[in-house]
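Visitor:
There are 2 protein chains.
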Amino acid sequence: MEVFGDNSCSPPCNTLGFLQKNNSLDEKGRLAGQKNLLSCDNSDRDARFRLTETDFSNLFARDLLPAKNGEEATIQFLLELVDILTNYIKKTFDRSTKVLDFHHPHQLLEGMEGFNLELSDQPESLEQILVDCRDTLKYGVRTGHPRFFNQLSSGLDIIGLAGEWLTSTANTNMFTYEIAPVFVLMEQLTLKKMIEMVGWPSGEGDGIFSPGGAISNMYSVMIARYKYYPEVKTKGMSAAPRLVLFTSEHSHYSIKKAGAALGFGSENVILLSTDERGRVIPADLEAKILEAKQKGYVPLFVNATAGSTVYGAFDPINEIADICEKYNLWLHVDGAWGGGLLMSRKHRHKLSGVERANSVTWNPHKMMGVPLQCSAILVREKGILAGCNSMCAGYLFQPDKQYDVTYDTGDKAIQCGRHVDIFKFWLMWKAKGTIGFEQHIDKCLDLSQYLYNKIKNREGYQMVFDGEPQHTNVCFWYIPPSLRGMPEGEERREKLHKVAPKIKAMMMESGTTMVGYQPQGNKVNFFRMVVSNLAVTQSDIDFLIDEIERMGVDL
Amino acid sequence: MEVFGDNSCSPPCNTLGFLQKNNSLDEKGRLAGQKNLLSCDNSDRDARFRLTETDFSNLFARDLLPAKNGEEATIQFLLELVDILTNYIKKTFDRSTKVLDFHHPHQLLEGMEGFNLELSDQPESLEQILVDCRDTLKYGVRTGHPRFFNQLSSGLDIIGLAGEWLTSTANTNMFTYEIAPVFVLMEQLTLKKMIEMVGWPSGEGDGIFSPGGAISNMYSVMIARYKYYPEVKTKGMSAAPRLVLFTSEHSHYSIKKAGAALGFGSENVILLSTDERGRVIPADLEAKILEAKQKGYVPLFVNATAGSTVYGAFDPINEIADICEKYNLWLHVDGAWGGGLLMSRKHRHKLSGVERANSVTWNPHKMMGVPLQCSAILVREKGILAGCNSMCAGYLFQPDKQYDVTYDTGDKAIQCGRHVDIFKFWLMWKAKGTIGFEQHIDKCLDLSQYLYNKIKNREGYQMVFDGEPQHTNVCFWYIPPSLRGMPEGEERREKLHKVAPKIKAMMMESGTTMVGYQPQGNKVNFFRMVVSNLAVTQSDIDFLIDEIERMGVDL
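So the protein lines, in turn, are chains U and Y. Each step along the first sequence adds one to the number in our numbering, with nothing skipped, and position 74 is 74. Each step along the second sequence adds one to the number in our numbering, with nothing skipped, and position 547 is 547.
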């Protein structure tokens with residue numbers, strides 16, 4: 001036992017007291033009226049406390065609960081872990097921290113400073129486990145960092161994180177009310193709110209949370225097929241004519257993946273032409289429907305993208321809906337990325353017509369900052385989700401339970417067990433309110449506007465398409481000075497194609513920021529900037545541009 | 001500011017010190033050699049610390065990071081949450097705590113003691129959010145409780161939980177090495193170990209973690225189809241003959257679901273007869289293959305179950321493999337539930353022949369106690385997973401990255417974004433070693449043996465099938481005294497059918513324990529006991545039997 005007295009404490013305070021409540025307080029079950037038990041007191045040395053050493057080098061997993069007398073070791077181990085995590089969190093929001101500390105796969109596999117990824121027969125001590133946790137974070141990528149722009153999902157929402165910690169502590173499964181009563185109801189109520197925002201008549205509809213947008217989109221294709229050809233469920237695709245699906249050439253590849261997986265064939269997913277901004281041209285849809293019909297194919301399904309992955313384009317849903325109605329086709333709106341804009345009074349018009357869709361994918365884990373994974377498939381017609389997927393497994397969905405078994409949602413899913421993805425989202429909605437999500441979205445879109453205005457006429461930049469961004473996507477080429485005078489042509493194209501990858505590699509090596517790039521159609525590699533993290537400010541946008549110029553100036 | 005001095009502290013100590021390390025220590029990045037900073041000191045009042053109040057009623061989500069000066073509120077909020085969670089964990093392992101506090105859906109929807117599930121436009125205070133967290137746990141089900149036997153997944157592994165907390169803090173996505181370098185490598189190394197345990201020649205093989213066993217099984221059917229009819233990927237099911245799949249009538253319903261979803265049709269999933277123990281009769285497989293061929297169908301795929309959901313039966317893999325080889329069929333082993341037995345030298349013989357399978361589903365989140373979700377699909381042939389699923393999305397899987405892009409695993413998946421399910425499992429494996437999983441499995445199987453021995457000749461019990469359990473499943477009827485003298489017949493059947501649901505309802509109302517029941521074929525409702533939680537002891541088994549008798553005696 002020793003007094004730990006040499007840690008300095010300066011504002012913001014880094015000495016915290018963490019105290020278990022005594023049981024009687026704890027039993028109250030509700031916080032209201034309780035004294036808060038966390039403290040930060042710099043003014044008085046007595047506020048620090050005496051500490052004994054816990055030697056984790058002699059403790060093992062087997063010493064934790066449910067081991068006899070394992071309570072103390074369990075709590076201390078978890079608190080030590082939380083200490084690692086809270087330090088990570090603080091640093092993630094600190095711009096002096098690197099976004100990543102890049103290493104090649106072979107370097108990590110060889111073992112960085114003793115960080116050994118190999119598994120063995122014998123247990124490691126809890127000390128080593130805590131070291132492994134620290135190293136795992138150290139060599140990872142800080143996706144919550146205000147200068148991480150690499151993916152549509154970014155940020156680290158503290159409420160969402162709290163929700164995830166609770167979810168994993170509850171460690172249950174969504175398939176029945178029996179073992180997830182609260183979560184099942186939260187899912188139902190949250191889906192109802194989302195459906196209201198989509199705007200289906202009288203708030204009717206159904207839905208389920210799935211493990212990501214690709215699976216949600218797969219659901220939409222399955223349900224469409226079940227609606228028009230229910231016998232496919234039992235008899236297979238041979239019971240249907242040659243069905244075709246339509247989606248934009250700019251749409252997410254998951255529609256094609258679904259076509260391949262579900263037995264349509266990827267060639268029967270017909271790609272629609274887009275305008276210069278990446279939006280579907282409705283006339284092209286109609287032409288391709290007619291062409292397919294002429295060939296003897298049967299059009300089934302149209303996907304309209306609300307917020308495309310690269311351009312952030314919103315397909316004209318109303319015009320597409322007119323055509324779907326005319327030809328009696330299923331209309332799906334893939335709002336995995338853009339669905340969040342429904343929460344914003346300023347921007348929801350971009351999804352105008354979504355209330356005419358038969359199904360909608362909407363990933364709160366993208367634009368709304370909910371931790372991964374959180375994706376919903378919403379369906380206008382009640383009952384069809386269960387009709388499509390139910391297999392009525394007797395061992396799970398017993399009809400003779402004592403409660404209303406219509407709350408057992410498992411048979412609506414293509415999964416059996418289903419992770420609890422709802423709680424973090426529900427908790428964030430409670431904590432932020434609808435207006436909180438609205439502010440989040442409006443702020444991110446404002447930042448994109450800021451970036452667009454900053455670079456649209458700036459020397460050395462060329463926009464991939466003209467006009468203000470519809471979503472937070474801003475697509476641009478950085479033209480290094482060496483290429484600025486060069487005439488258009490193959491040589492310039494080849495050189496420009498290599499600029500973004502080179503800058504990206506430098507960014508990753510230096511660890512200062514991360515942004516995505518890709519080619520698109522006949523366009524050579526360009527940067528795709530996106531903002532979905534509430535931590536981003538204008539200065540971070542400025543920083544990105546400075547970094548691109550610093551790294552690209554001599555290319 | 002006030003001194004908080006009225007909490008009693010008795011062994012096991014419930015007063016804990018939690019101290020942020022100062023930054024210089026923190027920067028070391030490795031624990032070795034550091035003094036541990038957590039303490040529990042009951043011997044001295046000075047060891048307690050002074051606390052200031054944090055009034056969460058005036059704090060909102062917007063006051064947390066990334067808010068300016070939000071660090072302190074963030075840490076305190078998270079610690080308060082951790083306090084709630086660690087109390088929940090302690091009680092989960094305390095047998096005097098109820099497994100659940102049952103309420104009907106309408107009761108929870110009406111709002112229990114102010115627990116309001118509805119979402120609104122305006123934000124709630126952090127105080128309310130913490131109350132909501134507490135209530136969510138209060139009205140949930142303690143799946144980690146030593147008397148929760150309701151599902152194949154149970155228990156609350158502390159290392160696994162720590163892994164989940166870290167995973168959600170890292171909040172990243174498995175699709176590229178770029179943003180999940182450490183996790184991608186952990187997945188690769190862990191899959192390699194699992195493949196070694198399956199025993200494919202020279203340790204070759206491939207695999208991926210998926211969102212549950214149903215999706216893993218779906219993968220197996222997709223890959224089998226791609227192996228024999230690769231053109232289905234592009235041209236659809238019309239490019240293949242009428243394919244049929246075979247699986248046991250006792251197998252998991254996900255094979256049928258996959259058949260329906262992927263366009264085979266559920267009727268083309270042919271169910272195989274089983275022996276009295278629920279194991280496939282190989283001769284029936286061969287007969288049905290021949291019958292299908294005679295009808296002009298083309299057999300494609302056979303699923304052998306290693307650990308069936310209800311009986312815990314292991315199909316005879318070697319005999320099935322002989323037939324698959326003879327007729328050139330894909331052999332999948334669904335070891336979602338039984339795969340864990342591969343870790344046990346004593347029990348792995350039950351999967352004898354698994355090394356002849358083309359693919360294997362194995363859910364560490366079931367028998368191995370890994371938190372939900374954690375399921376792997378393993379595939380013998382390298383490259384076929386990517387061949388089957390790749391769509392080569394340019395915006396995600398750029399070929400011109402600076403690192404070896406073969407580590408970008410996303411295009412092997414039917415998902416796009418993919419949750420990090422590997423870390424908790426990897427961390428548990430590190431912490432327990434292979435021998436730790438072996439001990440876990442052996443212990444759970446010993447407990448089932450104990451239950452079987454206890455009730456096989458006990459008055460009032462009837463086993464659903466004879467013989468020792470192959471897995472931890474023990475299936476039995478409890479016969480209340482009123483039915484014991486009754487002759488076999490429809491009346492007794494009808495009455496017996498109602499016994500398990502009634503007892504189960506009483507269990508849930510009283511909250512003392514939970515165990516599953518279901519009918520199977522022509523067998524009326526019976527209890528299915530399973531053990532997968534390391535916290536279970538013989539006394540918990542005794543308790544279950546006492547409860548069944550206490551509740552059932554007057555039925």
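All residues carry an ideal CB built from backbone N, CA and C; glycine is no exception. Because the structure is a prediction, the values reported are computed rather than measured.
Could you tell me which of Ile289/Y, Phe425/Y, Lys233/Y sits nearest to Leu166/Y, measuring between CA atoms?
Guide: That would be Phe425/Y, whose Cα lies nearest to the Cα of Leu166/Y.
Visitor: Only counting the same chain, and skipping five residues up and downstream in sequence, which positions put a Cβ closer than 7 Å to that of Leu31/Y?
Guide: Note that Leu31/Y scores a pLDDT of 34, beneath 50, so its modelled location is shaky; the value from the coordinates is reported in the next line. Nothing meets the Cβ criterion.
Visitor: What do you reckon, are the CB atoms on Ser57/U and Glu164/Y nearer than 7 Å?
Guide: No, these two residues do not count as a Cβ contact at 7 Å.
Visitor: Any C-beta of chain Y sitting closer than 7 Å to the C-beta of Gln34/U?
Guide: Because the pLDDT of Gln34/U is 34, which lies under 50, any placement of that residue in the model is unreliable, and the number read from its coordinates should be weighed accordingly. Not closer than 7 Å to any Cβ of chain Y, the Cβ of Gln34/U fails to qualify, so no.
Visitor: Secondary structure at Cys416/U, three-state DSSP: helix, strand or coil?
Guide: Residue state, collapsed to three classes: coil.
Visitor: Counting only Cβ-Cβ distances shorter than 8 Å, please list the residues of the region 112 to 128 of chain U near chain Y, keeping chain order.
Guide: If the cut-off is 8 Å between Cβ atoms, the region 112 to 128 of chain U has Glu113, Gly114, Leu117, Glu118, Leu119, Ser120, Asp121, Gln122, Pro123, Glu124, Leu126, Glu127, Gln128 near chain Y.
Visitor: If we define contact as Cβ-Cβ less than 7 Å, is Gly29/U a contact residue for chain Y?
Guide: Per-residue confidence for Gly29/U stands at a pLDDT of 34, beneath the threshold of 50, marking its modelled position as unreliable; the derived number appears in the next sentence. Taking Cβ atoms only, chain Y reaches closer than 7 Å to Gly29/U, which makes this a yes.
Visitor: Output yes or no for whether 7 Å exceeds the beta carbon distance between Val244/Y and Asn217/Y.
Guide: Going by C-beta atoms, Val244/Y is not nearer than 7 Å to Asn217/Y.
Visitor: Please check if any C-beta of chain U sits within less than 7 Å of the C-beta of Gly207/Y.
Guide: Not closer than 7 Å to any Cβ of chain U, the Cβ of Gly207/Y fails to qualify, so no.
Visitor: Thinking Arg345/U and Glu438/U are a contact (beta carbons under 8 Å), I'd like their distance in whole angstroms, please.
Guide: 7 Å between Cβ atoms; contact.
Visitor: In whole angstroms, what is the alpha-carbon distance linking Asp135/U and Asp157/U?
Guide: So the two alpha carbons sit approximately 22 Å from each other.
Visitor: Anything in the region 54 to 65 of chain Y with a Cβ closer than 9 Å to a Cβ of chain U? List those residues in chain order, please.
Guide: The residues in question are Thr54, Asp55, Phe56, Ser57, Phe60, Ala61, Arg62, Leu64, Leu65.
Visitor: Answer with yes or no whether the minimum CB distance from His419/Y to chain U is below 7 Å.
Guide: Yes, contact with chain U.
Visitor: Exposed or buried, which one is Glu204/Y when buried takes at least 16 other CB atoms within 10 Å?
Guide: Burial call: exposed.
Visitor: Quick one: residues in its chain with C-beta nearer than 7 Å to the C-beta of Asp554/U, no 5 flanking neighbours on either side, listed in chain order?
Guide: So the list is empty, once near-sequence residues are dropped.
Visitor: Out of Gly265/Y, Tyr478/Y, Lys256/Y, Val99/Y, state which residue places its alpha-carbon closest to the alpha-carbon of Lys233/U.
Guide: The candidate whose alpha carbon is nearest that of Lys233/U is Gly265/Y.
Visitor: Going along the chain, which residues of its own chain have a beta-carbon closer than 7 Å to the beta-carbon of Glu249/Y, five neighbours each way excluded?
Guide: The residues are Leu271, Leu272, Ser273, Thr274.
Visitor: Nearest to Asn525/Y by alpha carbon, out of Ile545/Y, Arg493/Y, Phe115/Y?
Guide: The option with the nearest alpha carbon to Asn525/Y is Arg493/Y.
Visitor: Mind pulling the alpha helix (DSSP H) runs of 4 or more residues that sit fully within the region 398 to 454 of chain U?
Guide: Correct list: empty.
Visitor: Does Tyr452/Y come within less than 7 Å of chain U when only Cβ atoms are used?
Guide: It does not: the Cβ of Tyr452/Y has no partner Cβ on chain U nearer than 7 Å.
Visitor: Might you give, ordered along the chain, the residues of its own chain that have their beta carbon closer than 6 Å to the beta carbon of Gly339/Y, omitting 5 neighbours on each side?
Guide: Cβ within range, chain order: Trp362.
Visitor: How would you list, in chain order, the residues of chain Y whose beta-carbon sits under 7 Å from the beta-carbon of Ser254/U?
Guide: Within chain Y, the residues near Ser254/U are Cys416.
Visitor: As a quick exercise: from Ala224/U, Ser390/U, Asp466/U, Gln128/U, pick the residue whose alpha carbon is nearest that of Asn303/U.
Guide: The candidate whose alpha carbon is nearest that of Asn303/U is Ala224/U.
Visitor: In the DSSP assignment, find the unbroken alpha helix (DSSP H) run with Trp165/Y in it and report its ends.
Guide: Where Trp165/Y is concerned, the enclosing alpha helix (DSSP H) stretches over 158 to 170.
Visitor: Whose Cβ in chain U lies nearer than 9 Å to the Cβ of Leu300/Y?
Guide: Correct list: empty, because the minimum Cβ distance to chain U is about 12 Å.
Visitor: Does Tyr327/U have its Cβ less than 7 Å from a Cβ in chain Y?
Guide: By this cut-off, Tyr327/U is not an interface position.
Visitor: Secondary structure at Cys475/U, three-state DSSP: helix, strand or coil?
Guide: If DSSP states are grouped into helix, strand and coil, Cys475/U belongs with the strands.
Visitor: If I measure Cβ to Cβ from Met551/U and keep anything under 6 Å in the same chain, skipping five residues before and after, which residues do I get?
Guide: These residues qualify, in order along the chain: Ile503, Met506.
Visitor: Does the region 168 to 184 of chain Y come close enough to the region 125 to 145 of chain Y that 3 or more CB-CB pairs lie under 8 Å?
Guide: No: fewer than three Cβ pairs fall under 8 Å.
Visitor: Reducing DSSP to helix, strand and coil, say where Pro519/Y ends up.
Guide: Correct three-state label for Pro519/Y: strand.
Visitor: Helix or strand or just coil, what does DSSP make of Gly236/Y?
Guide: Note: Gly236/Y maps to coil in three-state DSSP.
Visitor: Does DSSP put Tyr461/Y in a helix, a strand or coil?
Guide: The answer is strand: DSSP assigns Tyr461/Y an E or B state.
Visitor: Under 7 Å Cβ to Cβ from Pro105/Y, same chain only, skipping five residues before and after it: list those, please.
Guide: Correct list: empty, nothing qualifies.
Visitor: Sorted by chain position, which residues of the same chain lie with C-beta nearer than 8 Å to Ile281/U's C-beta, five sequence neighbours on each side aside?
Guide: Answer for Ile281/U: Leu272, Ser273, Thr274, Asp275, listed in chain order.
Visitor: According to the neighbour-count rule (16 or more other Cβ atoms, all chains shown, within 10 Å of its Cβ), is Thr512/U buried or exposed?
Guide: Buried: at least 16 other Cβ atoms inside 10 Å.
Visitor: Please report whether the beta-carbon of Ile158/Y lies at a distance below 7 Å from any beta-carbon of chain U.
Guide: Ile158/Y counts as touching chain U.
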